[in-house]
Amino acid sequence: MSTHYSKIYLASGSPRRKELLTQLGVDYIQIANDFDETRLLDESPLDYVERVALGKAQSALKSLDNPNQLPILSADTTVAHQGEPLGKPNDLEHAAELLLRLSGDRHTVMSSVVLAVSGGFLQKTVKTDVVFAALKQKTIEAYCQTQEPLGKAGGYAIQGIGGSLIETISGSYTNVVGLPVYETRQLLEQAKVQFALSGLG
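For what it's worth, our numbering labels the leading residue of the sequence shown as 5, then goes sequentially.
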């Protein structure tokens, strides 16, 4: 008889990921992880985001007394511009620098989602192309004053005021928010996690 799970562990403190999981109807218990997200020398954005997402799940797994009790979901998102990963800004001045780099240009948002299950790890990585409008300096300064860029990969939030800076996106919108929900649903169903939208499609 196969095991079905009514909830999962969430190894993320991201409010966006928690909100998206709640929209899917996923019942979760939030847990901490202390994985070092420092980029390795010459590591590509894709290798980085996949390694960090997996590392978060592995770190959370080690912290649990009974690691096989429930699946563990972790994720990481990075912005890649001209082959270089752009992480979260250190401060508002750094955020302005990131936005200036993205202004009038195309970049790629990558999110990797990992589900730790009994016997191994399931992982999916999603890419979305985003084109920023050409931003005036005063627009960048005004946006930074909202504090919204802080804590966001690339220094913007598509689901907030930052959405007004974007001309087009090609691919998953929720991937840019921080959790590609279609692929996440696939992983949850593969692991036999029960939630509001499970069994669809």
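Using N, Cα and C, we set each Cβ at its ideal position, and we do this for glycine too.
Own chain partners of residue i with C-beta closer than 7 Å, once the 5 adjacent residues on each side are dropped
i	result
LEU191	VAL117, LEU119, LEU126, LYS128
TYR52	ARG43, THR82, PRO89
LEU102	LEU90, PRO93, GLY158, GLY159
ASP38	SER63
ASN179	VAL113, SER115, VAL130, THR132
Beta-carbon gap between residue i and residue j smaller than 7 Å
i	j	result
LEU65	PHE199	no
VAL130	ILE170	no
ILE76	TYR9	no
THR132	SER63	no
ALA100	ILE162	no
LEU24	LEU183	yes
ILE35	ALA57	no
HIS85	ARG105	yes
VAL4	ARG20	For residue 4 there is no data in the structure shown, the boundaries of the chain being 5 and 205.
ALA195	VAL121	yes
Rounded distance between the beta-carbons of residue j and residue i, thought under 8 Å
i	j	result
LYS156	LYS92	6 Å
GLY166	GLU152	6 Å
ALA138	SER107	6 Å
Which of helix, strand or coil DSSP assigns to residue i
i	result
PRO1	Lying outside 5 to 205, the shown extent of the chain, residue 1 is not represented and no answer is given.
ILE162	coil
GLN86	coil
GLY124	strand
THR26	helix
LYS92	coil
GLU171	strand
MET5	Low confidence applies here, because MET5 scores a pLDDT of 41, under 50, leaving its location unreliable; read the following figure in that light. Note: MET5 maps to coil in three-state DSSP.
ARG21	helix
GLN73	coil
GLN34	strand
LEU191	helix
ASP80	strand
SER63	helix
THR178	helix
Chain-order list of residues whose beta-carbon lies under 8 Å from that of residue i (same chain, five-residue window excluded)
i	result
LEU74	TYR9, LYS11, ILE12, TYR13, ILE33
Same chain only: Cβ atoms within 6 Å of residue i, ignoring 5 sequence neighbours per side
i	result
GLY59	PHE39
Given 8 Å as the limit, is there contact between the segment 100-119 and the segment 67-86, that is, 3 or more CB pairs closer than that? yes
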